[in-house]
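Student: Below you'll find the structure I mean.
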């Protein structure tokens, strides 16, 4: 039996779950501060798992805390259709980023239950651990490990600026699960997410069809110098690692400006130094930066400029510099057939769509390396995100959520 | 009775106290990490107080943890001669910085006791709290409060990057004393300190007569921006407070280079940002910087350039910037008569001397505002300080310590 064409998600029920989420780890007014593997993240996970169990889903947690909630199909030996996103947020995050994708998946499963609808393939809702990378850098390492891009133990050893490792925090909050990381290839993967850009909002379109991803290059860079007194030590002999870090940040910012006209961006996201105290020159520093561009060739040029900038910044401060970590994602990664299927469902439901690229990072990027993957974007007001003012009228999420439901079900019958 | 001309400090006994100090809060090999009001600072204070009590001194601790150890004189209504420095260190500090001045004062008192020598005025050894400013910025705030430059409660409210306030840490380690801060004017103040520059070591001279202090201007600057996503948010709309901070650091570094030929220096000492995480633009940052020059007029020009740089850095990052704290010290602050007296004692003892300015900050600077003050410098190898490799042959401290003893006693008889 095919899904009734007029079936729509229950926006009120979805809104209740979103409202409950918004109360767990609330940050600045209207925003969220639910960092990965914090107490608030645990509380949200517990609630999500409860909801999943109440919906009759079989919940399993893998060794990196990724949560899978399985709705059985008619043929349970078939690979499942994955649908989800992440429940963690930035320190000054919004109520929608990631969360809409997980709770939207829950809602679609509940809606199928409402009408007793059975799919051929099983459907698995997924909540990926630490998508944001706000607490454990780089981002998306747990979906990355699922896809075989990162080593499980390397991921567990990532350390937060506030002290513990990802593995220690998984243990602490009780989400170091028993299921192996990865070990199966999903049939396909769907992720619905707010756009995190202004296009859909500005154009009044509610369903964004994600065609490809901006090419992003991320770097963690360390500089080494020598401590000395802030007073008598001559400029010529100073090896201030904090100055090297600052010079790199400025050079990286300049790179972003040089490519701004064609939509390029650069970000200085994080800086750390030691001793980082009044009266003394620091002998160690660390910087996280990234560059992004729609054109992979230009993104590559920007990244190469960063590599050179590390040497320049180090030399001008009398320090040594080293790129200790580097990551890259993006490109034409989504499955053309799956993307076309999403567009078709949206149009069939009567929604205007807009093709657009994704500029942020998403777990779907790593899933796309192992199975056909597609993303749906919903609007967010003025493109504001990673900010407590992130917002969107609930009504504008409906079209995307309905499209997700019909696209997932269509695939799960195939 | 005048002090026997051939009286000399007991270098072996002094060395034992220095060795004991070096074991409390040891840092990297050969160095110290005894930050103000840490557990290690408490342990050192406890040992110092024990030594003082064993020497029959009357110990009192003021409300900011400054420790005074009083050796009575014949006329105890007279204002005391103060002699001391500080026992706290930088996070990568040396075994001599500050410590030699306190333990040298203890040794001179012990030496007077050896021969039963009585002075006219009382002598008070002093250990100032948080001279370094490494944990609670700015530096020298507790001697500053003693001299009436800073308000006691403002000082107690200074907060460490690791969390607690200075007042809370004083309570925690049991050094929030009962004595009021200040409230008396010392007859005079002497501070012996390692030079923290290369001159005495290079010239083979062991007694530096400090004529004046480099003019230093310190600033704490904050920038405000807006959090946003590191990906989609256009360069034109970014207000990255971390970029503003980095731009200020680079501009400040450039100021130091522009005046390096005439001995000017600039330091970027500390940077902080929030959220300071991968994937998000920071909306808050803070920077501590300073500039120093022997010529107060040029130091003033350098400081004015920093003021303008704050506006430039903020504007280029789309942020607002504010100087939230500013400090200044230096100039011709020492007492000509007292300085001449120190030089005279050194020459009488047969030591070559060298007049030189002080480039670092010292508690004596604030004392000089309320009573005649003089400083004695001893060599340090290659001028290395605020570094675990800070070092000097003990034998090269002897001349300075003897000069200190004779100068203090001469003054205490006057």
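Protein chains in written order, with full-length UniProt numbering: chain A, 1 to 414; chain B, 1 to 414. Just so you know, even glycine gets a beta-carbon here, dropped at the ideal spot from N, CA and C. Everything numeric in this text was worked out from a predicted model, so none of it was measured.
So, at 7 Å on beta carbons, what are the nonlocal neighbours of residue 213(A) in its own chain, with the 5 sequence-adjacent residues on each side left out?
Tutor: Once the five neighbours on either side are set aside, the close Cβ partners of residue 213(A) are 329, 330, 331, 333, 357, 358, 365.
Student: Name, please, each residue of chain A whose Cβ falls closer than 7 Å to the Cβ of residue 278(B).
Tutor: Residues of chain A passing the Cβ test: 133, 134, 137, 138, 139, 269, 270, 288.
Student: Among 103(B), 90(B), 92(B), which one has its Cα closest to the Cα of residue 397(B)?
Tutor: The shortest C-alpha separation from residue 397(B) is found at 103(B).
Student: Report the neighbours of residue 29(A) on chain B: residues whose CB is nearer than 7 Å to its CB, in chain order.
Tutor: Under the 7 Å cutoff, chain B gives no residues; its nearest Cβ is about 13 Å from residue 29(A).
Student: Relative to the C-alpha of residue 410(A), which candidate in 55(A), 355(A), 120(A) has its C-alpha closest?
Tutor: Checking every option, the nearest Cα to that of residue 410(A) belongs to 120(A).
Student: Taking the alpha-carbon positions, what's the residue 45(B) to residue 219(B) distance?
Tutor: Each residue's Cα considered, the two are about 30 Å apart.
Student: When you compare each of 14(A), 248(A), 64(A) to residue 36(A) by their alpha carbons, which one comes out closest?
Tutor: It is 64(A) whose Cα lies nearest to the Cα of residue 36(A).
Student: Compare the C-beta of residue 260(B) against all C-beta atoms of chain A and say whether one is closer than 9 Å.
Tutor: Closer than 9 Å to some Cβ of chain A, the Cβ of residue 260(B) qualifies, so yes.
Student: Against chain B, which members of the segment 154–180 of chain A pass a CB distance test of less than 8 Å?
Tutor: Listed in sequence order: 161.
Student: What are the residues of the segment 241–254 of chain A that lie near chain B, defined by any Cβ-Cβ distance shorter than 7 Å?
Tutor: Of all residues in the segment 241–254 of chain A, 242, 243, 246, 247, 249, 250, 253 have a Cβ within less than 7 Å of some Cβ in chain B.
Student: Tell me which residues of the segment 87–105 of chain A have at least one Cβ-Cβ distance to chain B shorter than 9 Å, keeping chain order.
Tutor: Answer in chain order: 90, 91, 92, 93, 97.
Student: Identify, in the order they occur along the chain, each residue of the same chain with its Cβ nearer than 8 Å to the Cβ of residue 262(A), setting aside the five sequence neighbours on each side.
Tutor: Here the set comprises 293, 294, 295, 298.
Student: Compute the distance between the beta-carbons of residue 400(B) and residue 206(B), then report whether it is under 9 Å.
Tutor: Result yes, Cβ atoms of residue 400(B) and residue 206(B) sit closer than 9 Å.
Student: Can you name, in chain order, every residue of its own chain whose Cβ lies under 6 Å from the Cβ of residue 30(B), other than the five neighbours on each side?
Tutor: The answer, listed in chain order, is 388.
Student: Determine whether the Cβ of residue 351(B) lies closer than 9 Å to any Cβ atom of chain A.
Tutor: For residue 351(B), the answer is no, since every Cβ of chain A falls outside 9 Å of its Cβ.
Student: So within the segment 231–305 of chain A, which uninterrupted alpha helix (DSSP H) runs reach at least 4 residues, ignoring any that extend past its ends?
Tutor: Within the segment 231–305 of chain A, the complete alpha helix (DSSP H) runs of at least 4 residues are 241–258.
Student: Counting Cβ pairs, one atom from each stretch, are 3 or more of them under 8 Å apart for the segment 190–197 of chain A and the segment 69–87 of chain A?
Tutor: Contact holds: three or more Cβ-Cβ distances are below 8 Å.
Student: Report all residues from its chain with a CB closer than 6 Å to the CB of residue 325(A); omit the five preceding and five following residues, and keep chain order.
Tutor: 220.
Student: Within 10 Å of its beta-carbon, does residue 281(B) have 16 or more other beta-carbons around it, so buried, or fewer, so exposed?
Tutor: By the neighbour-count rule (16 or more Cβ atoms within 10 Å), residue 281(B) is buried.
Student: Would you mind telling me which residues of chain B sit closer than 8 Å to residue 226(A), beta carbon to beta carbon, in chain order?
Tutor: Chain B residues near residue 226(A): 387.
Student: Look up residue 34(A) in the DSSP assignment and say whether it is helix, strand or coil.
Tutor: Here residue 34(A) sits in coil by DSSP.
Student: Touching or not, the segment 139–157 of chain A and the segment 9–27 of chain A, by the rule of three or more beta carbon pairs under 8 Å?
Tutor: Because the criterion of three Cβ pairs below 8 Å is not met, the segment 139–157 of chain A and the segment 9–27 of chain A do not touch.
Student: How far does the alpha helix (DSSP H) with residue 142(B) in it extend, from its first residue to its last?
Tutor: 141–146 is the span of the alpha helix (DSSP H), which, as asked, contains residue 142(B).
Student: Could you list the residues in the segment 342–373 of chain A with a C-beta less than 9 Å from some C-beta on chain E, going in chain order?
Tutor: Annotation note: the requested chain E is absent from the structure, which comprises protein chains A and B.
Student: Do residue 123(A) and residue 339(A) count as a contact pair if the criterion is CB distance below 9 Å?
Tutor: Contact: no.
Student: Please name the residue in 177(B), 178(B), 181(B), 134(B) whose C-alpha comes closest to that of residue 158(B).
Tutor: For the residues 177(B), 178(B), 181(B), 134(B), the minimum Cα distance to residue 158(B) belongs to 134(B).
Student: Inspect the CB distances between the segment 152–170 of chain A and the segment 109–116 of chain A and report whether three or more fall short of 8 Å.
Tutor: At 8 Å Cβ cutoff, the stretches do not touch.
Student: Out of 390(B), 395(B), 394(B), 337(B), point me to the one whose CA is closest to residue 27(B)'s CA.
Tutor: Ranking the options by Cα distance to residue 27(B), first place goes to 390(B).
Student: Determine the DSSP secondary structure at residue 190(A), reduced to helix, strand or coil.
Tutor: If DSSP states are grouped into helix, strand and coil, residue 190(A) belongs with the strands.
Student: Under 7 Å Cβ to Cβ from residue 303(B), same chain only, skipping five residues before and after it: list those, please.
Tutor: Within the same chain, residue 303(B) has close Cβ partners 217, 291.
Student: Along the chain, where does the beta strand (DSSP E) that runs through residue 329(B) open and close?
Tutor: Its beta strand (DSSP E) spans residues 320–331.
Student: Can you find a C-beta in chain A that's less than 9 Å from the C-beta of residue 233(B)?
Tutor: With 9 Å as the cut-off, residue 233(B) counts as an interface residue toward chain A.
Student: Measuring only the C-alpha atoms, how far is residue 232(B) from residue 138(A)?
Tutor: Approximately 18 Å between the Cα atoms of the pair.
Student: Quick one: is residue 275(A) near chain B, going by C-beta distance under 9 Å?
Tutor: Chain B contact via Cβ: present.
Student: Taking only beta-carbon atoms, is residue 196(B) less than 9 Å away from chain A?
Tutor: Chain A contact via Cβ: present.
Student: I'd like to know whether the C-beta atoms of residue 106(A) and residue 52(A) end up nearer to each other than 9 Å.
Tutor: For residue 106(A) and residue 52(A), yes; Cβs fall inside 9 Å.
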